[in-house]
Amino acid sequence: MTQEKYVGKALKRTEDPRFITGAGNYVDDIVLHGMVHAAMVRSPYAHAKIGKIDRDGVKDMPGVIEVLTGEDVQQAGIGSLPVGWLLPDLKTPPHPAIAQGEVHHVGDIVAVVIAETRAQAEDAAAALDVEYEALPGVANAVDALKDGAPQVHPDVPGNRAFHWEIGDPAATDEAFRKADRVVKLSATNHRMIPNAIEPRASLAQFTPSSGEYTLYTTSQNPHVHKLILAAFVMNIPEHKLRVVSPDVGGGFGSKIFQYQEEAIVLLAARLIGRPVKWAARRSESFVSDAQGRDHHSEAELAVTNDGKLLAYRVKTVANLGGYQTLFAPAVPTYLYGTLCNGVYKFEAVHVEVTGAMTNTVPVDAYRGAGRPEATYLLERIVDVAAHELNMDPAELRRKNFIQPDEFPYQTPVALVYDSGNYEPALDQAMDMMKYQEVRAEQEKMKGGKKVLGVGLISFVEACGLAPSALVGQLGAQAGQWESSLVRVHPTGKVELFTGSHSHGQGHETAFPQIAADELQIPISDIELIHGDTGRMPYGWGTYGSRSAPVGGSALKRALEKITAKAKKIAAHLLEASEEDVEHADGVFRIKGAPDRSKTFFDISLMAHLAHNLPEGMEPGLEATAFYDPANFVYPFGTHIAVVEIDTDTGHVKLRNYGSVDDCGPLINPLIAEGQVHGGIAQGMGQALLEEGVYDDEGSLLTGTYMEYAMPRADDVPSYQLGHTVTPSPHNPLGVKGIGEAGTIASTAAVANAVMDALWHEYGIAHLDMPYTAEKVWRAIQGAKASK
Ligand code: MCN
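Right, dumping it as C-alpha cells:
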C-alpha cells in the first residue's frame, strides 16, 4: 500500500473544530478551587508623581481581600521587568511590576485590588483614591528628543535611549556623489495598537508545601516567560515555576513579552495563599499591551536617470514609549535597519536609528516587527523615484533586483540572504493581477469622479530567528534554537512535543503532517503537545515566523532519530542487516522481498516490550533533538494592490489585492494561505484605517473601537494568491516562514496604491498613512487649490 503524503497537502486544521464550537481552553476558562480576582488600578495620567494611595478607603468594600501597591512589590523583592536585547550605550529605565513614585504612561499600574469576584475587584479598583501630581509629558518621539522636552525618566538623559547605526557611511556618501538625482522622503510610520481576539489573561497558583508556582498565561513563548519571571522578576529557582499557555486567541507579537500583571498575580497568589486571576478588559488592552511601529524617518535614495538604484540613506527616530519591554531595542535596530536593503543591489546603505522614550504605552514587536517599517519606507521611496523618473514602478524594481545566481547574497547591512529568485514572483503577480490592463484602465479613468491607483511592491524579509551565536553577538540575551521531543507509545501512537507555540498558526495540523511523512503512519495517530513548560523540553517559542523553519526542523531531526532506531529494530526482527532494510510504503521491509516487513506498530511494541531487541539497545522509542539554524531564512514576494478613490469624498476602496509569496516548499498550503490572508488584512488596516493617536502630552485619544478602526470583512476584497518555491538551502525542510509576510508587504502595497492614484491625478508625492477619507479629501482640495 502506498503511504499517503501529507506535507504539501491542504488539510483542514484539526484544531479548528474545538475553536469554532466553543470547546477551546483559554486562560480565562480555567477555574481553580478558591480562586480570587485581581483588578488593576491604572494611571489616567501619562506622566505624574504618585501621591497618597488610600488603601483603607476600599479595604472594607464587599469581597475585598488585599490592595497592593509599588511598596509591596519593592518589599517582596520583585525585580524590574528586564530587557532581553542589549545595544551599546542602551539606557534602560527600571520597569517595576507596580509603578513606584512615578507613572510613565496612561495605563501604568499604580495599585492592584484582589477580591472574591471580578466585579468586586473592579468596583474597589474604581473606588480607590490615588493622589497624583501631574508632570509634563511628551508623546511624539521627535519632540521628545528636542532640547527642553519633558524628561520621561531621570536616568535616560534627553530621552535618548540609544543611537545605533549600520552600513558604511563613507561608501554611502561616495555612491550619492555619483547619483544623477537624490530622491527624498520624509515619512511617519504611525502607532499601531494590537488587537488579538483574546485579551491577555494570567492566573497564578502557589503551593506553599513545595514552594511551586503555576502560571497560566496568554504567552507566545511560555519557556521564555518562565526563565525571565523566575530568574529576574520573582527571584525563585526556575524549576519552581511552571508556565502553561493553553489555547491562546492570537498574539501578533503582543504576547511575547513579560508583563507587569504576570508578576503581580504570582506575588498575590503567594501573599494571599489562593489562586489569583486577572483578565484584561478590551479597554485595558489598549493601554497595557505593547504597541507597534511609530517611526519617523528621513530617507534618501541615490539614483541614475536610467533607473539604477545606487545607494540608500535612512535616519529614523523610533518611539519606545514609557518603558522598554523585552525586544524593544531590537525591533527598530536589528530587525529594521538590517532589512533596509530590500531586494535591490545597492552599492551602499547606511541606516541610523535613535530610540526615544516618551510618555506613551511601550512599543515592541507587532507582527513583522521592524520589517514592515523597513519595507514600507524603502518601497515607498522606490515608488517616489519611479514617479520622478517617469518609469513604471515594476520596471524600476526589475532593473535593480539581486539576481538568482548571486545568492547567498551579502547585503551592505549585515544580512546574508540565503536564497531568492525575485523576478518570477514579480512576473506571476503582474500576470495574475493583469497589471498592464489595470494601468490602461487607470488612464481611462483619469479625471473622473473615481480614480484608480496601483501599488506594487517587491519585498524580502528575514525570519526563522536564527543562529544563537549570531544573535548573541548582536546583543540578544536569548538563544534562538528550538527543541522537539517525539514520544512513541507501545501501540504506535505518537506525541510530538515542541517549544514552539501555536496561537492561531495551525501547528497542531502542520507539525503532525511533517511527522506522518517521516514515520509513514496515519496522521490521526499523531498529536502535537505545546504550551506547557512542565511537559516539554526547553524552547524559545513563536515569533519572527520561526516555528516552521526552526521548530519544524527540530522536529524533523527528532523524527529522524526515531526512524533510525526503528530501522535497527526492524533489521534485528527480520534477521537482516540494516543496509538491506528500507522504510517505504508505510513499513520497514527487506529490499527486494517486500513480503518480509515490520509495521511501525510491530516495532513500537517491541521497543517497549524489549523481548527481542538488538544487543545493548535501550528499550523505548523516544527522541529529543535541538536545532540551531545556520542563518535566518529569507521569504520574499511581490504584492499588488489596486485602489479606487472617490475624488468627491476622498474615500479609498481596496478593489483588488494579489500576492505571490515564496516561503519555500509549503507544508500546508491552506494554512500558509490563511496566514497570508490574515497578514494582508492586518497590513491594509494600517494603511487605510488603524492609528493609535496620543495628544501631545501622552493621553491616548483612540482607546476604544469607536476611535480605533479595525479592518472588517467588507473593507477587504477577495484576494488572489500565488506562490513560487525557492527552498532555503540550510534547513532540512527547505521552508521559510510565512506568518508575517502578508503584513510586511501589504501596508506598503496599499500605501503605494493610494499614492499612485494621487500622484497620477494630482501630482501629490507623499502623504502619511492612514489614508482616511478626510485626509485624502483635504489633500485633493489642497492640490486643486494650488493648480
Ligand atoms: N507554513 C507552511 N509552509 C511554510 C511555512 C509555514 O505550511 N513553508 C505553516 C506552518 O506550518 C505554520 C504556519 O504556516 O502552521 C506559520 O508558520 P511560520 O511562518 O513558521 O510562523 P509561526 O508559526 O512561527 O508564527 C509566527 C507568526 C508571527 S511572528 C505572528 S506575529 C503571527 C503569525 O505568525 N501571529 C499570528 N500568524 C498569526 N496567525 C494567527 N492566527 N494569530 C497570530 O497571533
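Just so we're on the same page, this note's numbering is the position in the sequence shown counted from 1, plus 679.
For glycine and all other residues, C-beta sits at the position ideal for the given N, C-alpha and C.
- In the structure shown, Ser1098 falls within a coil segment according to DSSP collapsed to helix, strand and coil.
- Distances taken from the Cβ of Ser1224 to the heavy atoms of ligand 1 include one shorter than 8 Å.
- Residue pairing by DSSP places Asn868 opposite His974 in a beta bridge.
- Following the DSSP letters along the chain, one finds Ala958 in no alpha helix (DSSP H) but inside the beta strand (DSSP E) bounded by residues 955-958.
- Counting the other Cβ atoms within 10 Å of the Cβ of Arg921 gives 16 or more, which makes it buried.
- Around the beta carbon of Ser1232, 16 or more other beta carbons lie within 10 angstroms, which makes this residue buried.
- Short of 6 Å from the beta carbon of Pro772, and not among the five residues preceding or following it, lie these beta carbons of its own chain, in chain order: His832, Asp834, Val835.
- Relative to ligand 1, the nearest heavy atom lies less than 8 Å away from the CB of Lys1415.
- Taking 3 residues as the shortest admissible run, the segment 1308-1373 contains the following complete beta strand (DSSP E) segments, listed from N- to C-terminal end: 1315-1325, 1331-1341.
- Excluding five sequence positions before and after Leu1207, the CB atoms of its chain that fall closer than 7 Å to its own CB belong to Leu1175, Thr1177, His1186, Glu1187, Phe1190, Pro1191, given in chain order.
- For Leu906, the three-state secondary structure derived from DSSP is helix.
- Under DSSP, Lys994 shares a beta bridge with Glu977, Glu1031.
- Going by DSSP, Leu1400 is part of the beta strand (DSSP E) stretching over 1399-1402.
- When only Cα atoms are considered, Arg1046 and Arg1268 end up about 47 Å apart.
- For the options Ala1464, Gly1418, Phe1080, the alpha carbon positioned closest to that of Ala1048 is the one of Gly1418.
- Excluding residues up to 5 positions away in sequence, Asn868, Arg972, His974, Tyr1015 lie with their Cβ nearer than 7 Å to the Cβ of Glu1052 in the same chain.
- Contact between the segment 1352-1371 and the segment 1296-1308 is absent: fewer than 3 CB-CB pairs across the two stretches fall below 8 Å.
- Linking Leu906 to Trp1219 through their CA atoms gives a straight-line distance of about 10 Å.
- The beta carbon of Glu750 sits no closer than 8 Å to any heavy atom of ligand 1.
- Rounded to whole angstroms, His1262 and Ala1272 show a C-alpha spacing of 13 Å.
- Contact annotation, Asn998 with Ala820: C-beta distance approximately 4 Å; criterion of less than 8 Å satisfied.
- Uninterrupted alpha helix (DSSP H) stretches at least 4 residues long and entirely within the segment 1039-1124 occur at 1050-1068, 1072-1079, 1101-1111, 1114-1124, given in chain order.
- At least one heavy atom of ligand 1 sits closer than 8 Å to the Cβ of Ile1350.
- C-alpha of Lys994 to C-alpha of His1029: approximately 9 Å in a straight line.
- With a cutoff of 9 Å on beta-carbon distance, His726 and Leu814 are scored as near each other.
- Within 10 angstroms of the beta-carbon of Leu1380 lie fewer than 16 other beta-carbons, which makes it exposed.
- Contact between Gly1358 and Gly1421 holds, with the beta-carbon distance rounding to 2 Å and staying under 8 Å.
- Within 10 angstroms of the beta-carbon of Leu1288 lie fewer than 16 other beta-carbons, which makes it exposed.
- Runs of the beta strand (DSSP E) lying entirely within the segment 800-878 and spanning at least 3 residues, in chain order: 809-813, 839-846, 860-871.
- Using a cutoff of 8 Å, the CB of Pro772 does not count as near ligand 1, since none of the ligand's heavy atoms is closer than that.
- Within the same chain, Asp1097, Ser1098 come within 7 Å of Pro1408 by CB-CB distance, once the 5 residues on both sides are set aside.
- Under the three-state reduction of DSSP, Glu694 is assigned to coil, being neither helix nor strand.
- Scanning its chain for C-beta atoms nearer than 7 Å, with the 5 sequence neighbours on each side dropped, one finds around Lys1235 the residues Ile1193, Glu1197, Pro1411, Leu1412, in chain order.
- Under the DSSP assignment, Val923 falls in the beta strand (DSSP E) whose first and last residues are 920-923.
- Residue nearest to Ala1093 within the set Leu1105, Arg1050, Cys1019 is Cys1019 (criterion: CA-CA distance).
- Here DSSP, grouped into helix, strand and coil, assigns Phe1305 to strand.
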